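Trainee:
There are 2 protein chains.
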Amino acid sequence: MTPLSPNASEPGVRRATITDVARLAGVGIKTVSRVLNDEPNVASATAERVRQAMAQLRWEPDLRARNLRRSDGRTHTIGLLVGSVTNPFAAQVNRAIEDAAAVRGSAVLTVSLDEDPEREIAAVAALTRRRVDGIALMPIAPSQAHLQAAMDHGLAVVCVDREPRGIAVDAVRSDSRTAATVATRHLLRRGHRRVGLLLDREDLWTAQQRRLGFLDALHAAGIDPTDCPILPGLRDAESSSMAAARLMRSDAPPTALFCGKNLITFGTVRALQHLGLQHRVALVGFDDFEFADLLDPGVTVVAQRPSQIGRLAAERLFARIERSDSRAPEAIDVPTDLIERGSGEIPPPAP
Amino acid sequence: MTPLSPNASEPGVRRATITDVARLAGVGIKTVSRVLNDEPNVASATAERVRQAMAQLRWEPDLRARNLRRSDGRTHTIGLLVGSVTNPFAAQVNRAIEDAAAVRGSAVLTVSLDEDPEREIAAVAALTRRRVDGIALMPIAPSQAHLQAAMDHGLAVVCVDREPRGIAVDAVRSDSRTAATVATRHLLRRGHRRVGLLLDREDLWTAQQRRLGFLDALHAAGIDPTDCPILPGLRDAESSSMAAARLMRSDAPPTALFCGKNLITFGTVRALQHLGLQHRVALVGFDDFEFADLLDPGVTVVAQRPSQIGRLAAERLFARIERSDSRAPEAIDVPTDLIERGSGEIPPPAP
DNA sequence: AGCCGGGATGACACCGTTGTCGCCGAATGC
DNA sequence: GCATTCGGCGACAACGGTGTCATCCCGGCT
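Chains A and B supply the protein sequences, listed in that same order.
If you count by full-length UniProt numbering, then the first sequence holds residues 1 to 351, one letter each, in order.
If you count by full-length UniProt numbering, then the second sequence holds residues 1 to 351, one letter each, in order.
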């Protein structure tokens, strides 16, 4: 085996530059640049010499320097801001966007915001300094107006999962309101009259929409909303689990639950199992997840399509970046799919 | 509400540069630079004028230009190469590294390789052109020697989850061999004599180690390895599920299974449930996962500590980047935790 | 033979920042 | 009172590439 030079043996070799390549090939730097960029008007013999010099020196052009001067001004880098890369929904969106970016030769800078508005603002500033071509954002701050200055300088923006506020940009998300109506109606059709809704922070667009959809369904069925408790402000599985347990131990607990996002479903499923109620209380979750089908009972969900959302968002973003789309910003609804697995089909107890 | 200027209204304003700030503040550009970098020898009144000019123009310095000239040569950007950001293990590692990078003002370029060696090489080349300061890599290519040239130019590298080949760099990973031994011994102690091992591609270091650990345990218990089938080459949940089903339908199927990574566990759990064997065949998985405790039976696992692995990897990486650590490259073992939940404690059927 | 067009090429400015260095003026030392 | 320091500041080169433009050369056409 060949001897290995250790990690710490740095500066080592000075990195080759275009000047070194030019000198070795016996040409001017501009000719090297021409070869690198496949520009015309280079004799094939010259081009070959240049390519050999590049290979011999293992030269890789410096994209910072290149972008700095280039007329299109693009860095071929985009930013992705999500709640957390560990959230399965965000991870799927992330992957879809990464794939779309890779096809176009762009790299992705991913940032987890932990649903903190200040981190959204800080992250955007940091990405702006890096001159990313575009940003795909799951908005969390009360307003996205802080992006306007960067947009005036040509930054493209697309919002994912939630509607933006204070700026006019494309948005790609599930039709949360309709999805919530469908899920709630599904429970009501089984005869439930006391349905509980567990929700994320209500300053989020998604939570608002899902609440509206929930109420739409109650209204259509002529149900008194005051019989249907709404528990908002649930940020993670932990707090959701505690909230669900408290709710089920209350006087007149609901006979069915609708969970407004994946982490809430996780917590609620846990709570019901611990209380031994998983076969007595109906449950529909928002967002599909691994093993939803193998739990007992299987968890009925309104599944989002995160890959599709990510793919569409990336397409909009790159269309804006390449200025190939100058239509007015638009909101794109991605459909959801109700998947029946058992938990959502539990009937209310006989009166 | 204020009117919103649409996304497509680009070039719009020319972006302010340090020259604009200098002119507005009535100073030289170098003074602006000094204020920006908190360098000494600027009168406080002057600094204040400069800061006002910065704010007024909403100027954000261009990090590309800055890094290009700076003497330390750092871009404050690192690369992270994983199998896929949708894999929960990778996602946790990703998050830990992102957090460590954020503290140090570095951004993370994440790339999913889909376990494709060629993409590893291509991704490293792309990151090299971007002049990242370091790369955290879950190695997939047969050799990582392709990183040597970049390392000679100062690139820092740390390997995650798997051992590197062909280069000398730090590595942070679980002690797979010991973990596999512990898991296998756990099954053997319950009386199993025919234990099946389901494995990832055997060219991967982790799969090799887990196989060795498995055999170690058999050997120590005096068990004939030929009674214990090994199914390698399982890349995803799908193929694992099919392989597990085929195995259980064979003559003399094993009475216990050990799954060599998270996706294999997912597939195998599915297969056992579909065959109705989940309470008759013991199973231990590698890697913990959401709902492992709520399945029936609960899934016993050897849990890795992905956050810790990511954190330690990032610490090594930044130590190398900052040249604050010049020790020889080192392999760091992160312990695993056997978590008993039921599936691993199922005894073999009475003879 | 002289003119012209265009392919091949390099000199040089430039992108937006930081590093080097020199200049100026005020404070300090003797 | 004069040399010496030093704080404050800007001119200019440099980072590693690309854009612009001038130049050279050669073949084809009058």
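Just so you know, even glycine gets a beta-carbon here, dropped at the ideal spot from N, CA and C.
All values reported here derive from a predicted model rather than from experimental measurement.
Is glycine 105 of chain A near aspartate 200 of chain A, with beta carbons less than 8 Å apart?
Mentor: Contact: no.
Trainee: Opposite arginine 131 of chain A in the DSSP bridges: which residues?
Mentor: According to DSSP, which records beta bridges pairwise, arginine 131 of chain A is partnered with nothing at all.
Trainee: Along the beta strand (DSSP E) that carries serine 240 of chain B, what are the first and last residues, could you check?
Mentor: Not the beta strand (DSSP E): serine 240 of chain B falls in the alpha helix (DSSP H), residues 237-249.
Trainee: Taking Cβ positions, are alanine 107 of chain B and alanine 100 of chain B nearer each other than 8 Å?
Mentor: Contact flag unset, no.
Trainee: Based on Cα-Cα distance, which residue from A:Glu120, A:Val132, A:Arg69 and A:Arg131 lies nearest to alanine 145 of chain A?
Mentor: Answer by Cα proximity: A:Glu120.
Trainee: What does valine 182 of chain B pair with, by DSSP beta-bridge criteria?
Mentor: Answer is none; valine 182 of chain B lacks a bridge partner.
Trainee: What are the residues of the UniProt domain "HTH lacI-type" (16-70) of chain A that lie near chain B, defined by any Cβ-Cβ distance shorter than 8 Å?
Mentor: Cβ contacts with chain B come from Arg58, Glu60, Pro61, Asp62, Leu63, Arg64, Ala65, Asn67 and Leu68.
Trainee: Tell me where the beta strand (DSSP E) around aspartate 170 of chain B begins and ends.
Mentor: From DSSP, the beta strand (DSSP E) with aspartate 170 of chain B extends over 170-174.
Trainee: By how many angstroms is the C-alpha of phenylalanine 291 of chain B removed from the C-alpha of alanine 237 of chain A?
Mentor: Distance between the alpha carbons of alanine 237 of chain A and phenylalanine 291 of chain B: 12 Å.
Trainee: Among the residues of its own chain, which have a CB less than 6 Å from the CB of threonine 255 of chain A, if the five just before and after it don't count?
Mentor: Closer than 6 Å at the Cβ level, and outside the excluded window around threonine 255 of chain A, lie His192, Arg194 and Pro348.
Trainee: Can you confirm whether arginine 270 of chain B, when its beta carbon is compared against all beta carbons of chain A, has any partner nearer than 8 Å?
Mentor: Taking Cβ atoms only, chain A reaches closer than 8 Å to arginine 270 of chain B, which makes this a yes.
Trainee: Check isoleucine 78 of chain A in the structure and name its three-state DSSP category.
Mentor: The answer is strand: DSSP assigns isoleucine 78 of chain A an E or B state.
Trainee: The alpha helix (DSSP H) spanning serine 44 of chain B covers which residue range?
Mentor: Looking at the DSSP string, the run of the alpha helix (DSSP H) that includes serine 44 of chain B is 44-57.
Trainee: Are the C-beta atoms of glutamine 295 of chain A and some chain B residue less than 8 Å apart?
Mentor: Going by the sequence as given, residue 295 of chain A is leucine instead of glutamine. So, interface residue.
Trainee: Taking Cβ positions only, does leucine 109 of chain B come closer than 8 Å to chain A?
Mentor: Taking Cβ atoms only, chain A reaches closer than 8 Å to leucine 109 of chain B, which makes this a yes.
Trainee: Closest Cβ-Cβ distance between valine 124 of chain A and chain B: below 8 Å?
Mentor: So, not an interface residue.
Trainee: Among the candidates B:Asp72, B:Glu98, B:Arg341 and B:Ile78, whose CA atom is the shortest distance from the CA of alanine 126 of chain B?
Mentor: Answer by Cα proximity: B:Ile78.
Trainee: Locate the beta strand (DSSP E) running through glycine 196 of chain A, then write down its first and last residues.
Mentor: First-last of the beta strand (DSSP E) with glycine 196 of chain A: 195-198.
Trainee: Starting from the beta carbon of glutamate 120 of chain A, find every residue of chain B whose beta carbon is closer than 7 Å, and list them in chain order.
Mentor: What glutamate 120 of chain A touches in chain B: nothing, since even the nearest Cβ is about 13 Å away.
Trainee: In angstroms, rounded to a whole number, what distance separates the CA positions of valine 82 of chain B and isoleucine 346 of chain A?
Mentor: Distance between the alpha carbons of valine 82 of chain B and isoleucine 346 of chain A: 41 Å.
Trainee: Under 8 Å, Cβ to Cβ, is there at least one residue of chain B near glutamate 98 of chain A?
Mentor: Answer yes: the Cβ-Cβ gap between glutamate 98 of chain A and chain B drops below 8 Å somewhere.
Trainee: Would you kindly report the start and end of the unbroken beta strand (DSSP E) that includes valine 158 of chain B?
Mentor: Run containing valine 158 of chain B: 156-160, per the beta strand (DSSP E) assignment.
Trainee: Let me make sure I understand the geometry here. Which of B:Asp62, B:His76 and B:Ile18 has the alpha-carbon closest to that of arginine 51 of chain B?
Mentor: Nearest of B:Asp62, B:His76 and B:Ile18 to arginine 51 of chain B, Cα basis: B:Ile18.
Trainee: Kindly say whether glutamate 290 of chain A, judged by its beta-carbon, lies nearer than 8 Å to any beta-carbon of chain B.
Mentor: Glutamate 290 of chain A counts as touching chain B.
Trainee: Using a Cβ cut-off of 8 Å (strictly closer), state whether arginine 280 of chain B contacts chain A.
Mentor: It does not; no Cβ of chain A falls within 8 Å.
Trainee: Helix, strand or coil for aspartate 20 of chain A, going by three-state DSSP, please let me know.
Mentor: Reduced to three states, the DSSP call for aspartate 20 of chain A is helix.
Trainee: By the criterion of Cβ-Cβ separation under 8 Å, what are the contact partners of threonine 265 of chain B in chain A?
Mentor: Going along chain A, no residue has its Cβ under 8 Å from threonine 265 of chain B, so there is no contact; the nearest lies around 11 Å.
Trainee: Take alanine 252 of chain A as the anchor and find which of A:Ser44, A:Asp227 and A:Gly267 has the nearest alpha-carbon.
Mentor: Looking at the Cα atoms, A:Asp227 is the closest of the given residues.
Trainee: Could you check whether aspartate 170 of chain A and proline 40 of chain A sit closer than 8 Å to each other, using their CB atoms as the reference points?
Mentor: No, Cβ-Cβ distance for proline 40 of chain A and aspartate 170 of chain A is not below 8 Å.
Trainee: Spatial neighbours of isoleucine 97 of chain A within its chain, please: CB distance less than 7 Å, with the 5 preceding and 5 following residues excluded, ordered by chain position.
Mentor: Once the five neighbours on either side are set aside, the close Cβ partners of isoleucine 97 of chain A are Leu80, Val108, Ala136, Gly310, Ala313 and Ala314.
Trainee: Quick one: using the 10 Å Cβ neighbour count with 16 as the cut-off for buried, is valine 211 of chain B buried or exposed?
Mentor: A small correction: the amino acid at residue 211 of chain B is arginine; valine does not occupy that position in the sequence shown. The residue is buried, with at least 16 neighbouring Cβ atoms inside 10 Å.
Trainee: If you measure between the beta carbons of aspartate 287 of chain A and glutamine 308 of chain A, is that distance less than 8 Å?
Mentor: Not closer than 8 Å, so no.
Trainee: Need the endpoints of the beta strand (DSSP E) that serine 112 of chain B sits in, please.
Mentor: Start and end: 107-112.
Trainee: Who are the near neighbours of aspartate 333 of chain B in its chain, counting only those whose CB is closer than 6 Å to its CB and skipping five residues on each side?
Mentor: Excluding residues within five positions, the ones whose Cβ falls inside 6 Å are Asp175.
Trainee: Does the CB of serine 241 of chain A have a neighbour CB from chain B at under 8 Å?
Mentor: No, its Cβ sits nowhere closer than 8 Å to a Cβ of chain B.
Trainee: Report the residues of the stretch 147-165 of chain B with a CB closer than 9 Å to any CB of chain A, ordered along the chain.
Mentor: Taking 9 Å as the Cβ-Cβ cut-off against chain A, the residues of the stretch 147-165 of chain B that qualify are Gln148, Ala149, Ala150, Met151, Asp152, His153, Gly154, Leu155, Ala156, Val157 and Val158.
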